[in-house]
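S.K.: Take this structure, written in structure tokens, and hold onto it; I'll ask about it next.
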Amino acid sequence: MTAIALDTAQPSASQGPRRTRRRVLPGFGLTLGYTLFYLSLIVLIPLLALLFKTFAMSWPQFWEAVTAPRVLASYRLTFGASFIAACVNLVFGLLIAWVLVRYPFPGKKIVDALVDLPFALPTAVAGISLTALLAGNGWVGQYFEPLGIQLAFNPNGVVIALIFIGLPFVVRTVQPVLEDSEKELEEAATSLGATRWQIFRHVILPGIMPALLTGFAMAFARAIGEYGSVIFIAGNMPMVSEITPLIIIGKLEQYDVAGATAVAVVMLFFSFVMLLVINALQAWQRRHAGMPA
Amino acid sequence: MSGATSSRNVAPRARAGTTEAAWVRWLLTTIALAFLLLFLVLPLAAVFTEALRKGVDAYLAGLNEPDTWSAIKLTLLTALIAVPLNLVFGVAAAWCIAKYEFRGKAFLTTLIDLPFSISPVVAGLMYVLVFGANGWLGPWLDAHDIKIIFAVPGIVLATVFVTFPFIARELIPLMQAQGNDEEQAAVVLGASGWQTFQHVTLPNIKWGLLYGVILCNARAMGEFGAVSVVSGHIRGQTNTIPLHVEILYNEYQSVAAFAAASLLALLALVTLVIKTIAEWQNEQQRKAAAALPPERPVGS
Chain P
7 MTAIALDTAQ
17 PSASQGPRRT
27 RRRVLPGFGL
37 TLGYTLFYLS
47 LIVLIPLLAL
57 LFKTFAMSWP
67 QFWEAVTAPR
77 VLASYRLTFG
87 ASFIAACVNL
97 VFGLLIAWVL
107 VRYPFPGKKI
117 VDALVDLPFA
127 LPTAVAGISL
137 TALLAGNGWV
147 GQYFEPLGIQ
157 LAFNPNGVVI
167 ALIFIGLPFV
177 VRTVQPVLED
187 SEKELEEAAT
197 SLGATRWQIF
207 RHVILPGIMP
217 ALLTGFAMAF
227 ARAIGEYGSV
237 IFIAGNMPMV
247 SEITPLIIIG
257 KLEQYDVAGA
267 TAVAVVMLFF
277 SFVMLLVINA
287 LQAWQRRHAG
297 MPA
Chain B
184 MSGATSSRNV
194 APRARAGTTE
204 AAWVRWLLTT
214 IALAFLLLFL
224 VLPLAAVFTE
234 ALRKGVDAYL
244 AGLNEPDTWS
254 AIKLTLLTAL
264 IAVPLNLVFG
274 VAAAWCIAKY
284 EFRGKAFLTT
294 LIDLPFSISP
304 VVAGLMYVLV
314 FGANGWLGPW
324 LDAHDIKIIF
334 AVPGIVLATV
344 FVTFPFIARE
354 LIPLMQAQGN
364 DEEQAAVVLG
374 ASGWQTFQHV
384 TLPNIKWGLL
394 YGVILCNARA
404 MGEFGAVSVV
414 SGHIRGQTNT
424 IPLHVEILYN
434 EYQSVAAFAA
444 ASLLALLALV
454 TLVIKTIAEW
464 QNEQQRKAAA
474 ALPPERPVGS
């Protein structure tokens with residue numbers, strides 16, 4: 007009851023035309039209350055536990071834990087491999103979305119459904135399966151072995167696993183925008199004498215840019231935190247192919263909870279940064295989509 | 184509707200202006216499909232070939248182990264608890280976010296998304312810091328002989344965390360797009376809040392809801408990182424299927440590992456099929472709804 011009164015008290019003229027009176031519906035207090043309760047219990051309190059644990063450490067202690075050479079090497083690998091994987095996904099995600107939206111081919115429905123496989127396939131399964139494929143005697147690895155290229159048990163494997171994990175993000179963010187894009191603009195550009203490449207570069211690409219970058223950021227953010235698929239294929243050599251989440255696990259196994267927490271806070275910080283970046287990109291995308299009337 | 188007619192009228196000219204030469208189309212399609220074949224189809228196929236490498240008997244023998252069975256049971260139990268919890272939360276959160284305006288709504292939505300961007304390993308660690316031996320509640324739990332970390336409750340909690348946003352995220356945009364008109368009409372006509380939800384909202388969102396539930400379930404059954412931190416890897420007791428896969432794999436029991444993995448791969452395939460059906464139904468429902476109201480000017 008009080009919640010409804012509170013809701014009425016708010017002036018309703020602040021936003022766009024979709025704001026209609028929504029005072030009649032019951033359940034605001036109950037649903038918001040439960041949402042906040044459950045959110046606090048599952049997410050916020052454990053999050054606070056992590057932050058408090060960190061504040062219990064002294065600054066030099068914290069700094070030493072998060073800047074040890076082995077930890078620094080793991081940041082380089084985690085962020086570097088995630089960045090490369092997200093770049094590959096940017097290019098191929100755009101290509102796949104383009105082909106799915108624009109070109110007819112047999113079996114398209116199945117291919118479209120299959121794109122979500124990395125969301126549905128448990129990461130550990132992806133990990134052992136990619137390892138089996140890319141190892142020196144695997145289906146794919148055997149063709150690279152004679153060339154002196156090792157795909158598994160080194161940073162290459164990390165990148166490939168992260169490409170797999172992040173594949174659907176760019177496709178799924180770009181696809182709906184491409185579907186909605188108006189062909190009239192392209193027709194106009196053609197009639198003005200533009201080539202296909204010029205049209206793509208100057209008409210289509212600006213329109214899908216926010217979605218493209220959102221997908222890139224999501225793939226990157228997901229890759230940074232990924233654990234399951236990577237540890238099987240990475241080889242996990244300290245300083246070479248050890249990702250940051252594995253450092254946390256390693257410290258936990260040696261009962262170095264404080265050290266694990268310190269590294270976890272660094273990762274958490276980057277998670278927050280990525281979340282803000284993605285939110286900003288999505289806001290940009292909404293403004294962008296609202297623009298051409 | 185209008186798009187279809189206008190493009191039919193100007194088809195020959197429009198096609199020349201809005202697509203590429205045949206060889207470009209063919210080339211791009213081939214590259215895209217080759218990439219998908221390499222990165223999606225091959226890994227999926229590899230799971231089943233590795234599992235069946237030594238024949239069906241070895242495959243079944245690999246599956247039919249007491250530890251594998253207990254892993255399957257634990258995985259089912261975990262999903263059976265975690266998914267309904269997040270279902271109730273998802274519906275409640277979507278209701279208050281999609282149906283009302285209030286201060287801090289954008290912030291609340293961001294908080295709900297938070298578990299997506301936190302590394303599963305960090306999530307697991309957070310629960311260790313709350314419930315573990317040296318955690319906030321550790322001494323109290325110890326005194327009352329309650330085990331959470333390295334036991335089933337910890338596994339369930341970690342799973343709830345990583346699957347937290349799935350259903351809410353699916354429902355919020357759907358319920359926002361649907362607006363409030365139908366619910367308001369129901370309430371004005373004297374329906375209670377629960378009746379309104381059950382008879383008006385639920386039929387509108389059921390396919391989206393199903394979609395959210397099966398994605399949530401797939402992740403709940405397949406979660407590795409977070410569960411790995413809190414499980415303690417006690418064979419036959421705190422091993423879910425993904426953790427069991429890891430143990431078998433590290434023991435070089437390749438066939439058994441891939442046999443267990445093939446169960447999860449099948450789960451993924453079923454998930455994709457249901458998801459495709461749900462999306463298709465959702466689309467049909469939206470089309471039917473768009474065709475329905477007579478007061479809307481046609482072809483505008």
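Top line first, the protein sequences correspond to chains P and B.
So for the first sequence, my numbering puts the first residue at 7; every next one is plus one.
So for the second sequence, my numbering puts the first residue at 184; every next one is plus one.
Glycine residues also receive a C-beta, built at the ideal position from the N, C-alpha and C atoms.
Source: prediction; values computed, not measured.
1) Report yes or no: do three or more beta-carbon pairs, one from the stretch 452 to 469 of chain B and one from the stretch 387 to 397 of chain B, lie closer than 8 Å?
2) Buried or exposed: which applies to residue 143 of chain P, given that a residue is buried once 16 or more other Cβ atoms fall within 10 Å of its Cβ?
3) So residue 84 of chain P packs on residue 267 of chain P, CB below 8 Å; how close in whole Å?
4) Taking C-alpha atoms, which residue in B:314, B:408, B:455 and B:225 lies nearest to residue 51 of chain P?
5) Give me the chain B residues within the contact set of residue 285 of chain P, using Cβ-Cβ distance strictly less than 7 Å, ordered along the chain.
6) Show which residues of chain P have a CB atom less than 7 Å away from the CB atom of residue 214 of chain B.
7) Using a Cβ-Cβ cut-off of less than 8 Å, give me the residues of the stretch 75 to 105 of chain P that come near chain B, in sequence order.
8) Report back the beta-carbon spacing between residue 131 of chain P and residue 276 of chain B to the nearest angstrom; my notes put them in contact at under 8 Å.
9) Is there contact here, the stretch 422 to 430 of chain B with the stretch 345 to 362 of chain B, by at least three beta-carbon pairs under 8 Å?
10) Beta-carbon separation of residue 157 of chain P and residue 140 of chain P under 7 Å?
11) Rank B:430, B:212 and B:363 by C-alpha distance to the C-alpha of residue 103 of chain P and give the top, closest one.
12) In three-state terms, what does DSSP make of residue 280 of chain P?
13) Of all the CB atoms in chain B, is at least one closer than 7 Å to the CB of residue 40 of chain P?
14) Scan the stretch 427 to 439 of chain B for residues whose Cβ lies nearer than 7 Å to a Cβ of chain P and list them as they occur along the chain.
15) Go ahead and label residue 169 of chain P buried or exposed: buried means 16 or more other beta carbons lie within 10 angstroms of its beta carbon, across all protein chains shown.
16) Output, in sequence order along the chain, the residues in the stretch 230 to 248 of chain B whose CB is closer than 8 Å to any CB in chain P.
17) Using alpha carbons as the reference points, say which of P:207, P:270 and P:227 lies closest to residue 58 of chain P.
18) Report the neighbours of residue 203 of chain B on chain P: residues whose CB is nearer than 7 Å to its CB, in chain order.
19) Are the C-beta of residue 28 of chain P and some C-beta of chain B separated by less than 7 Å?
20) From which residue to which residue does the alpha helix (DSSP H) around residue 105 of chain P run?
21) What are the boundary residues of the alpha helix (DSSP H) that residue 343 of chain P is part of?
22) Excluding the five sequence neighbours on either side, which residues of its own chain have a C-beta within less than 7 Å of the C-beta of residue 334 of chain B, listed in chain order?
23) For the pair the stretch 224 to 232 of chain P and the stretch 170 to 178 of chain P, tell me if three or more CB-CB distances fall below 8 Å.
24) For the stretch 131 to 152 of chain P, enumerate the residues whose C-beta is nearer than 9 Å to any C-beta of chain B, in chain order.
25) Closest Cβ-Cβ distance between residue 374 of chain B and chain P: below 7 Å?
26) Taking the CB atoms as reference points, tell me whether residue 253 of chain P and residue 46 of chain P lie closer together than 7 Å.
27) Go ahead and label residue 346 of chain B buried or exposed: buried means 16 or more other beta carbons lie within 10 angstroms of its beta carbon, across all protein chains shown.
28) Would you call residue 302 of chain P buried or exposed, if buried means 16 or more other Cβ atoms sit within 10 Å of its Cβ?
29) Would you call residue 329 of chain B buried or exposed, if buried means 16 or more other Cβ atoms sit within 10 Å of its Cβ?
30) Given residue 409 of chain B, which residues of its chain have a CB within under 6 Å of its CB, disregarding the five upstream and five downstream residues?
31) Taking the alpha carbon of residue 379 of chain B as the point to measure from, which residue in B:433, B:363 and B:236 has its own alpha carbon closest?
32) Residues of chain P with a CB under 7 Å from the CB of residue 366 of chain B: which are they?
33) Expressed to the nearest angstrom, what Euclidean distance is found between the alpha-carbon atoms of residue 220 of chain P and residue 115 of chain P?
34) Counting only beta-carbon atoms, is residue 257 of chain P nearer than 7 Å to chain B?
35) Contact criterion: CB-CB distance below 7 Å. Does residue 483 of chain B meet it with respect to chain P?
M.R.: Put simply:
1) yes
2) exposed
3) About 18 Å separates the two Cβ atoms, so there is no contact after all.
4) B:314
5) 293
6) 101
7) 98, 101, 102, 104 and 105
8) Not confirmed; about 30 Å, so no contact.
9) no
10) yes
11) B:212
12) helix
13) yes
14) 428, 429 and 432
15) buried
16) 230 and 233
17) P:270
18) 202
19) Note that residue 28 of chain P has pLDDT 45, beneath the 50 cutoff, so the model's placement of it is unreliable and no number is given.
20) 75 to 108
21) There is no way to answer for residue 343 of chain P, as the model of chain P reaches only from 7 to 299.
22) 421
23) yes
24) 131, 132, 133, 134, 135, 136, 137, 138, 139, 144, 145 and 146
25) no
26) no
27) buried
28) No answer is possible for residue 302 of chain P: the residues shown for chain P start at 7 and end at 299.
29) exposed
30) 303, 306, 307, 341 and 345
31) B:363
32) 31
33) 24 Å
34) no
35) For residue 483 of chain B, the predicted model reports a pLDDT of 41, less than 50, meaning its position is unreliable and no value from the coordinates is stated.
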